[in-house]
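First comes the structure, then the notes that go with it.
There are 2 protein chains.
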Amino acid sequence: MQQLLKRLKDIHHISEETQEHLLAAFTQVVLPKNEYLIEEGRTCRHLYFLEQGCLRGFYNLDGKEITHWFGFENDFVTSFHSFITQTPAVENIQLMEGSVLWSISKETLTKLLDEHQEVERLLRIAYEKYYIRLEGRFVNSQFRTATERYEQLLQENSQIVERVPLGYIASYLGISQETLSRVRSRL
Amino acid sequence: MQQLLKRLKDIHHISEETQEHLLAAFTQVVLPKNEYLIEEGRTCRHLYFLEQGCLRGFYNLDGKEITHWFGFENDFVTSFHSFITQTPAVENIQLMEGSVLWSISKETLTKLLDEHQEVERLLRIAYEKYYIRLEGRFVNSQFRTATERYEQLLQENSQIVERVPLGYIASYLGISQETLSRVRSRL
DNA sequence: CGAGGCCTTGACCGCGGTCAATGCCCGTGG
DNA sequence: CCACGGGCATTGACCGCGGTCAAGGCCTCG
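As you go down the protein sequences, you meet chains H and A in turn. Numbering follows our numbering, in which position 163 of the first sequence is assigned residue number 163; successive positions increment by one, without gaps. Numbering follows our numbering, in which position 24 of the second sequence is assigned residue number 211; successive positions increment by one, without gaps.
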């Protein structure tokens, strides 16, 4: 809970009063490894803060699972498309470790947004950050060889390599598991 | 100007009073073909609304220009990374046609955000939309063959094909111009 | 001890990149 | 009016990166 509050305050200053209302809006969720947070086809009604653990977002393409992002400690996670539009998700979110999360429903968030201008600003700034993070990934994803992608991952997100099975990492990088294995053997 | 107002109202309802303040904050800019809106290395201090015309965002990689997005009528455009963080841009934005734009400075926008909760909400919702749009592009960019990418572009953004040189489209799709040409000849 | 998950290694080959030549269209100037 | 040059697109030759298929090694866990 303190972790969540600290993360929120890192985004933008929050008054004492709003802090209380914010924290009261979140509910703790503890789930075991391999559990699903969201399944494809169902509408995602919650936004989660990941206090402890890690998870992956993946979708199915021609019968294969494509992992396209990972979440770690202090990330806000959900199927954004589904959560924002309240339409069925095209992706799944699955825990890769037993995790501790804090959950807030769409309705509760909407209420907070109506009642506290600070929350509106907080969310706007959070979106800004998430937008440019995604943009950065997008720009780096094209026009790089398999080796370059892996080396960049090592430099910028080495915890992924340490905590995640190689098969997931391969599809995250947009290459096959076999190619990733060969890249690693050449170091 | 009416176009800009309509676009804003499409995002979220705005009171009469806020409407006036919003419109007063924008300045018209008319620029000829090939002009730059933003150049790499300079910090981007304005957000633009594109009323008429079209443009491209591109960055340099190993001496080649990589066009990674296009803007058309009714788009809000800027180098988001640079505009949000107020650090030097890594990309360029260049007009592909003579264009009519409406410009708002970072300072003016910040002031509006402080004074009108509605603007804060408007921007938050705009970011939501832009975020899921980018996410969609990202998911579709990997694991598709050159032919699939082009066919999808034809279906979803046929105006790009009609208004933009093929060389730009090729790098937008993440393929070489020659490959795009061959894909097109096979129809 | 066997089964299954995870990773590695080998053989093969096709997609798509690079390089280079050529064609086509258009604006500009002699 | 035609000639020339530049921008844009097409086409061919070549070949390497990385994908697929398949086999095998190495854990861990029941």
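All C-beta atoms, glycine included, are put in the ideal place defined by N, C-alpha and C.
- Residue burial is scored here from C-beta neighbours: residue 244 (chain A) has at least 16 other C-beta atoms within 10 angstroms and is therefore classed as buried.
- Residue 37 (chain H) has a beta carbon lying at 8 Å or more from every beta carbon in chain A.
- By alpha-carbon distance to residue 140 (chain H), the top candidate from A:241, A:238 and A:248 is A:248.
- Comparing alpha-carbon positions, the option among A:226, A:335, A:287 and A:269 lying closest to residue 259 (chain A) turns out to be A:287.
- Residue environment analysis places residue 1 (chain H) among the exposed positions, since fewer than 16 neighbouring C-beta atoms fall within 10 angstroms of its C-beta.
- For the segment 284-348 of chain A, the continuous beta strand (DSSP E) assignments of 3+ residues that do not extend past its boundaries occur at 286-292, in sequence order.
- Interface flag for residue 132 (chain H) against chain A is set, since a Cβ pair is found closer than 8 Å.
- Residue contact check for residue 268 (chain A) against chain H: a CB pair falls below 8 Å.
- Residue contact with chain A for residue 174 (chain H): present (Cβ-Cβ distance below 8 Å to some residue of chain A).
- Contact with chain A is absent for residue 93 (chain H), since none of that chain's Cβ atoms lies less than 8 Å from the residue's Cβ.
- Using a Cβ distance threshold of 8 Å, residue 174 (chain H) and residue 339 (chain A) do not count as a contacting pair.
- Taking residue 163 (chain H) as reference, the option from H:70, H:37, H:35 and H:14 with the minimal CA-CA separation is H:70.
- Rounded to whole angstroms, the Cβ separation of residue 358 (chain A) and residue 274 (chain A) is 24 Å, and the two are not in contact under 8 Å.
- Chain order gives the chain A residues near residue 121 (chain H) as 307, where near means a beta carbon separation below 7 Å.
- Any Cβ of chain A closer than 8 Å to the Cβ of residue 127 (chain H) would place that residue at the interface, and such an atom is present.
- Fully contained in the segment 12-89 of chain H are the following beta strand (DSSP E) runs of length 3 or more, in chain order: 27-31, 36-38, 46-52, 55-61, 64-71 and 75-77.
- According to the DSSP secondary-structure assignment, residue 364 (chain A) is paired through a beta bridge with no residue.
- For the 8 Å CB-CB criterion, residue 325 (chain A) and residue 134 (chain H) form a contact.
- By the C-beta density criterion, residue 214 (chain A) is exposed, having fewer than 16 other C-beta atoms within 10 angstroms.
- Judged by DSSP in its simplified three-state form, residue 95 (chain H) adopts strand.
- Straight across, the Cα-Cα distance linking residue 136 (chain H) with residue 228 (chain A) is about 16 Å.
- DSSP, read as helix, strand or coil, puts residue 373 (chain A) in coil.
- At a cut-off of 8 Å, the C-beta of residue 2 (chain H) has no neighbouring C-beta in chain A.
- Contacts with chain H at 8 Å (Cβ-Cβ) do not include residue 335 (chain A).
- Within the same chain, Cβ atoms closer than 6 Å to the Cβ of residue 262 (chain A) are found at 237, the five residues on either side in sequence being excluded.
- The C-beta separation of residue 314 (chain A) from residue 48 (chain H) comes to about 19 Å, leaving the pair out of contact by the 8 Å criterion.
- By the Cβ criterion, the segment 7-27 of chain H is in contact with the segment 92-107 of chain H, since at least three pairs of Cβ atoms, one from each stretch, lie closer than 8 Å.
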